[in-house]
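Colleague:
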Amino acid sequence: MANVETLGTLERRVSMSVPAAEIEREVDTRLKKLARNVKMPGFRPGKVPLKLIAQTYGPQVRSEVLSDAVQKAFTDVVKEANLKVAGFPRIEKKDGGDTAALEFSATFEVYPEVKLGDLAGVTIERPQVTVDDAAVDRTIGILRKQRTRFVPVERPAKEGDRLTVDFSGTIDGEPFAGGKGENFVFALGEGRMLPEFDAAAQGMRAGETKTFELTFPADYHGKEVAGKRASFELSMKSVEEPQLPEVDAEFAKSLGIADGDVAKMRSEIRANVERETNKRIEARVKAQVLQALLDRTPLELPKSLVQMEAQQLVERAAADLQARGMKPGQIPLDPAAFEATAKRRVALGLIIGELARAENLQPKPAEVRAAVEQEAATYESPAEVVKWFYMQPQRLSEMEGMALEANVVKWVLGSATVVDKPVAFDDLMGSNA
Numbered sequence: 302m303a304n305v306e307t308l309g310t311l312e313r314r315v316s317m318s319v320p321a322a323e324i325e326r327e328v329d330t331r332l333k334k335l336a337r338n339v340k341m342p343g344f345r346p347g348k349v350p351l352k353l354i355a356q357t358y359g360p361q362v363r364s365e366v367l368s369d370a371v372q373k374a375f376t377d378v379v380k381e382a383n384l385k386v387a388g389f390p391r392i393e394k395k396d397g398g399d400t401a402a403l404e405f406s407a408t409f410e411v412y413p414e415v416k417l418g419d420l421a422g423v424t425i426e427r428p429q430v431t432v433d434d435a436a437v438d439r440t441i442g443i444l445r446k447q448r449t450r451f452v453p454v455e456r457p458a459k460e461g462d463r464l465t466v467d468f469s470g471t472i473d474g475e476p477f478a479g480g481k482g483e484n485f486v487f488a489l490g491e492g493r494m495l496p497e498f499d500a501a502a503q504g505m506r507a508g509e510t511k512t513f514e515l516t517f518p519a520d521y522h523g524k525e526v527a528g529k530r531a532s533f534e535l536s537m538k539s540v541e542e543p544q545l546p547e548v549d550a551e552f553a554k555s556l557g558i559a560d561g562d563v564a565k566m567r568s569e570i571r572a573n574v575e576r577e578t579n580k581r582i583e584a585r586v587k588a589q590v591l592q593a594l595l596d597r598t599p600l601e602l603p604k605s606l607v608q609m610e611a612q613q614l615v616e617r618a619a620a621d622l623q624a625r626g627m628k629p630g631q632i633p634l635d636p637a638a639f640e641a642t643a644k645r646r647v648a649l650g651l652i653i654g655e656l657a658r659a660e661n662l663q664p665k666p667a668e669v670r671a672a673v674e675q676e677a678a679t680y681e682s683p684a685e686v687v688k689w690f691y692m693q694p695q696r697l698s699e700m701e702g703m704a705l706e707a708n709v710v711k712w713v714l715g716s717a718t719v720v721d722k723p724v725a726f727d728d729l730m731g732s733n734a
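For our numbering, count along the sequence shown from 1 and bump the result up by 301.
#1: Let's see if you can read the secondary structure: which residues bound the alpha helix (DSSP H) around Met537?
#2: Going by beta-carbon coordinates alone, are Val371 and Val305 separated by less than 8 Å?
#3: Note the first and the last residue of the continuous beta strand (DSSP E) segment covering Pro428.
#4: Please go through the same chain and pick out, in chain order, the residues whose beta-carbon is closer than 8 Å to the beta-carbon of Pro683, but skip the five residues on each side of it.
#5: Going by DSSP in three states, Ala725 sits in which element: helix, strand or coil?
#6: Between Ile472 and Glu514, what straight-line distance do the alpha-carbon atoms span, to the nearest angstrom?
#7: DSSP beta-bridge partners for Pro476?
#8: Mind listing, in chain order, the continuous beta strand (DSSP E) runs of no fewer than 3 residues lying wholly within the region 317–365?
#9: Under 8 Å between the Cβ atoms of Arg313 and Leu384?
#10: So the beta strand (DSSP E) Ser406 belongs to, where does it begin and stop?
#11: Residue ranges of each beta strand (DSSP E) run of no fewer than 3 residues wholly in the region 486–517, ordered along the chain?
#12: Can you tell me the Cα-Cα spacing of Arg448 and Gln544, whole angstroms?
#13: Is the beta carbon of Leu634 sitting closer than 8 Å to the one on Val615?
#14: Counting pairs of Cβ atoms below 8 Å between the region 557–573 and the region 529–544, do you hit three or more?
#15: For the putative contact between Leu591 and Ala657, defined by C-beta atoms under 8 Å, what is the C-beta separation to the nearest angstrom?
#16: Looking at Ile570: is its Cβ nearer than 8 Å to the Cβ of Ile441?
#17: Can you tell me whether DSSP reads Val647 as helix, strand or coil?
#18: Can you tell me which of Pro666, Gln356, Arg597 and Val315 puts its alpha carbon nearest to the alpha carbon of Glu381?
#19: Drop a sphere of 10 angstroms on the beta-carbon of Arg463, count the other beta-carbons inside from all chains shown, and report buried for 16 or more, exposed for fewer.
#20: Residues in the same chain with beta-carbon distance under 6 Å from Met627, minus the five sequence neighbours each way, listed in chain order, please.
#21: Taking 8 Å as the cut-off, decide whether the C-beta atoms of Ala550 and Val713 are in contact.
#22: Which residues does DSSP pair with Ile392 in a beta bridge?
#23: Any idea what DSSP makes of Asn708, helix, strand or coil?
#24: Look up Ala519 in the DSSP assignment and say whether it is helix, strand or coil.
#25: Of the choices Lys604, Asp596, Leu495 and Arg567, whose alpha-carbon is the least far from that of Asp434?
#26: Going by CA-CA distance only, name the one from Phe409, Leu417, Arg617 and Glu483 that's closest to Ile392.
#27: Throw me the rounded Cβ distance for the Glu460 and Leu489 pair, which I believe falls under 8 Å.
#28: Just checking my contact of Val437 with Val574 at CB under 8 Å: how many whole Å lie between their CB atoms?
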């Protein structure tokens, strides 16, 4: 049996020995194989002296042979000891010892034993929400606001209007950075401007100019002006009031109803709202289930897995920032900031993996297909989206993971106590769950 040292709850160390003679034989074999095709100035292919090849390529070949030999030795030791290695081993060469063999040690972590907790005392609240006509009307109201038109008016500006202004400010008679704007557009009363600025613009008509003073808050984001009093000149270029579209055939067409049938539009909106409502309910239930699994299955996590997961989260965050137009490094990302999320993800991965194995919860192809079709249903051409998923291995793998989580949720709900709880539509839809 392999000699395995226990350094901690999950940390282990093993020793390995690689015969020096075997290394030399393999190096010689690889150099001779390399000599058949290697090209060097002044020699025909295959005629380069072996001594010259050894001088040129020997160190690299020896490093590769040694790496392969140590990896094989480590794999054999781990297999013999029946260890499940988490992450990558830290391999170190031992000094001294027998010259006939090269001695190494490998320090690594193993996967923890996952003992699933008792879920009998868990209570899961399942929201009960009715999608009624009022919910459809509220959704239509949101869609109307998203399609707001602004039209010029001659009256004084009031809250909700869109204003276009020129302004210039001074502090102690001197202009300051950020204190001037031309054709600056903002909505009156939306909270984007300081209250004194909004108050000054209130009641102004297009073409009017006025001066006013304001004091920047002490905690203002522009530190060079924070807490200081400034004088502004404000010129109103235009005042526009919002106009919501009527709920008519044109509005229905703007939402993709080709014939402009308003009744059909309401029916499709209701179906979409019901679909979104079900997704929110499933998300709330899933969040409770996963938290229950975490709470009742305490684990010591391999540090290597947490570090790897945190690094992946950093890379995803960096890619997301880059997709938004930010340059790499513009916003430093510290892996430590992602550690809590990484720990949760690693723990859930281990727990779900053990549940899938112990309870045979791996999703069947039909369950994966159902998950794909559910995701595709929100797109204009669901059939094309389904084809796309099956042509993208990574996205299909994500769907398999979702199907597995759905099976886990279903299994937990069969063991826990589920209580149906009425929830207001606005409370559910206003949640990020």
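Even for Gly, the Cβ is constructed at its ideal location relative to N, Cα and C.
Modeller: Put simply:
#1: According to the DSSP assignment, Met537 belongs to no alpha helix (DSSP H) but to the beta strand (DSSP E) extending over Arg530 to Gln544.
#2: At least 8 Å separates the beta-carbon of Val371 from that of Val305.
#3: For Pro428, the uninterrupted beta strand (DSSP E) run begins and ends at Thr424 to Gln429, by DSSP.
#4: Excluding sequence neighbours, Pro683 sits near Glu674 and Ala677.
#5: Ala725 falls in the coil class under three-state DSSP.
#6: Cα-Cα distance, rounded: 10 Å.
#7: Note: Pro476 sits in a beta bridge opposite Thr471.
#8: The qualifying runs do not exist here; there are none.
#9: Taking 8 Å as the Cβ cut-off, Arg313 and Leu384 qualify as a contacting pair.
#10: DSSP places Ser406 in the uninterrupted beta strand (DSSP E) bounded by Ala402 to Val411.
#11: Taken in chain order, the complete beta strand (DSSP E) segments of 3 residues or longer contained in the region 486–517 are 510–516.
#12: Between Arg448 and Gln544, the C-alpha separation is close to 9 Å.
#13: Closer than 8 Å, so yes.
#14: With a cut-off of 8 Å, the region 529–544 and the region 557–573 do not count as touching, because too few Cβ pairs lie within range.
#15: Contact doesn't hold; Cβ gap of about 14 Å is too wide.
#16: Less than 8 Å separates the beta-carbon of Ile570 from that of Ile441.
#17: Helix at Val647.
#18: The shortest CA-to-CA distance from Glu381 to any of Pro666, Gln356, Arg597 and Val315 is the one to Val315.
#19: Buried, because 16 or more other Cβ atoms sit within 10 Å of the Cβ of Arg463.
#20: Non-local C-beta neighbours of Met627 in its own chain, meaning closer than 6 Å and more than five positions away in sequence, are absent.
#21: Note that the C-beta distance between Ala550 and Val713 is not below 8 Å.
#22: Under DSSP, the beta-bridge partners assigned to Ile392 are Ala407.
#23: Note: Asn708 maps to helix in three-state DSSP.
#24: The answer is coil: DSSP assigns Ala519 none of H, G, I, E or B.
#25: For Asp434, the closest C-alpha among the options Lys604, Asp596, Leu495 and Arg567 is that of Arg567.
#26: The shortest Cα separation from Ile392 among Phe409, Leu417, Arg617 and Glu483 belongs to Phe409.
#27: Beta-carbon to beta-carbon, Glu460 and Leu489 are separated by about 5 Å, close enough to satisfy the 8 Å threshold.
#28: Yes, Val437 and Val574 are in contact; Cβ-Cβ is about 6 Å, under 8 Å.
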